[in-house]
Amino acid sequence: MKTRSRTLFAAIALAAVTTLGLSACAGEDAAPAAGGAKGGTLNIDFATYNPLSLIIKDKGWLEADLKDQGVTVNWIQSAGSNKANEGLRAGALDVGSTAGAAALLNRANGSEIKAITIANKPEWAALIVGKDSTIADVAELKGKKIAATKGTDPYFFLLQSLESAGLTPQDVTIENLQHADGWSALQGGSVDAWAGLDPIMGGALENGAKFLYRNVDFNSYDVVAATESFIKKSPELVQAVANVYADARAWALKNPEETAKILAETASLDQAVATSVITERTNFDVDPVPGDAQEKVLKIIGPVFVETGDVANQAQVDDALKNLFDPTFAKAAKTTDRS
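Residue numbers (mature numbering (1 follows the signal peptide of the UniProt record, and there is no 0)): -26 to -1, 1 to 313.
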């Protein structure tokens, strides 16, 4: 990708994740310390953009695996990477599903999180226009209104798409709306385009919306992240999460139709829409160990924070990227035949 302009840097910086006052889970609800007394709560998210999380929740695997430890599994839905990162940052989540780019932003802004496993390499973001739109090229978005959720992959997809067409964020009006609200705005005609996210995007396409621009290389990995305090306090629970994600990946690869069914039920989608999301724009067949592949993608965003003054120097950004991944648990993951 060609070098970004300072205006692009400034726009990306606006996606920095902020804490919205989510309460931390502490005291008697905290997960047990390694080697400590049994009991406590594991606060983990599920998200329709992370189908593996839906499988794990639907099957009750974590609950079954942690029953003997007396651990309660508390499932919290994340509406987007920005919400997952807010939960992780505030301590309301121990483990959350987030796009790799959003995780880097969160880490660079002081959130001590680590990616513990890779869920999939999706094409979950694209630019979408309404069924009656005459816009046929990204360049035609100049002067238009576009809905996007800042701090998420669709937002980064939008910025890269604009740059590829010779536009800057200042050439358009970006409406910062949560994913579902962005689709509603497109339907209502208050925006001209939407930086969409699956599976909401799949439903939009089923209802007549059209792809304006697709580029799988502008999508980052779907990572599962945990707070450093949780990793230190309860490594056995982090390993349990990595284990069930390994099982879910194997199960999803063997059972794509059932995976689509679970997605359809959770996201209130038609089965055909969910199937298209799973079979056409989701790739579970990736190395679950976080590291070089994800670092290569995320290095593109690295200089952003220095250019905008969000981080004091490049060494600090490099340190954030260097410390974002913890491959220990994915490497040690033990799979169980759940068929």
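C-beta atoms are modelled at their ideal positions from N, C-alpha and C, and glycine is treated no differently.
Since this is a predicted model, take the numbers as computed values, not measurements.
Per-residue DSSP class, three states only, for residue i
i	result
Ser71	strand
Ala304	helix
Asn297	coil
Gln51	strand
Ile174	helix
Ala267	helix
Ala248	helix
Ile205	helix
Ile236	helix
Trp168	strand
Ile274	coil
Ile29	helix
Ala38	helix
Phe258	coil
Asp111	coil
Thr310	coil
Outcome for residue i when other beta-carbon atoms lying within 10 angstroms are tallied against a minimum of 16
i	result
Phe204	buried
Ser164	exposed
Gln51	exposed
Ser208	buried
Ala7	Residue confidence is low: Ala7 scores 39 on pLDDT, short of 50, so the model does not pin down where it sits. No coordinate-derived value is stated.
residue 315	The chain is shown only over -26 to 313; residue 315 falls outside these bounds and no answer can be derived.
Lys105	exposed
Ser313	exposed
8 Å Cβ shell around residue i - same chain, five flanking residues per side excluded
i	result
Glu86	Thr201, Glu202, Ser203
Lys116	Leu141, Asp145, Val146
Ile109	Val103, Leu115, Lys118, Asp166, Ala167, Leu186
Asp39	Ala214, Asn217, Val218
Cutoff 7 Å; reference residue i; Cβ partners in own chain excluding five residues on either side
i	result
Ile252	Pro25, Pro230, Thr233, Ala234, Leu237
Leu151	Ala121, Thr123, Ala159
Contacts around residue i, its chain only, beta-carbon distance under 6 Å, and the 5 residues preceding and following it disregarded
i	result
Val215	Val69
Thr310	Asp221
Asp32	Ile236
Tyr195	Gly74, Ile92, Lys95, Gln268
Ile148	Ile120, Ala122
Asp300	Lys88, Ile90
Val271	Ser194
Ala241	Thr22, Pro173
Gly182	Lys105
Nearest neighbour of residue i, chosen from the options [CA to CA]
i	options	result
Pro173	Thr249, Val112, Pro209	Thr249
Leu295	Pro264, Ile30, Thr302, Lys308	Pro264
Lys118	Trp168, Glu269, Lys33, Thr72	Trp168
Gly125	Gly140, Ser55, Arg255, Arg188	Ser55
Ala89	Ala289, Val197, Leu79, Lys41	Val197
Asn193	Leu179, Asn48, Ser135, Ala139	Ser135
Glu37	Val291, Gly13, Lys57	Gly13
Asp191	Phe185, Phe131, Gly34	Phe131
Lys273	Asp292, Asn257, Asn287, Arg255	Asp292
Ser138	Trp49, Arg188, Val260, Thr240	Arg188
Gln245	Gly176, Ala224, Phe303	Gly176
Thr256	Gly170, Glu97, Asp111	Glu97
Val303	Asn217, Ala289, Ser242	Val is not the amino acid found at residue 303; the sequence shown has Phe there. Selected option, being the one with the closest Cα: Asn217.
Leu179	Ala289, Ile102, Lys206	Ile102
Asn287	Ala82, Ala241, Pro128, Glu210	Ala82
Asp127	Gln161, Gly156, Leu171, Ala154	Leu171
Thr15	Leu28, Asn80, Val212	Val212
Gln259	Ala289, Trp225, Leu243	According to the sequence shown, residue 259 is Asp rather than Gln. The residue with the shortest Cα to Cα distance from Asp259 is Trp225.
Paired residues, beta bridge with residue i - DSSP
i	result
Gln46	Sequence inspection shows Thr at residue 46; the Gln mentioned does not correspond to that position. DSSP lists Thr15 as partners of Thr46.
Val197	Thr72, Ile92
Tyr129	Its beta-bridge partners do not exist; DSSP assigns none.
Asn24	Ala21
Thr147	Lys119
Val103	Lys184
Ile87	Thr201
Residue i Cβ short of 7 Å to the ligand ATP heavy atom set
i	result
Ala113	This structure does not include the ligand ATP; it has no bound ligands of any sort.
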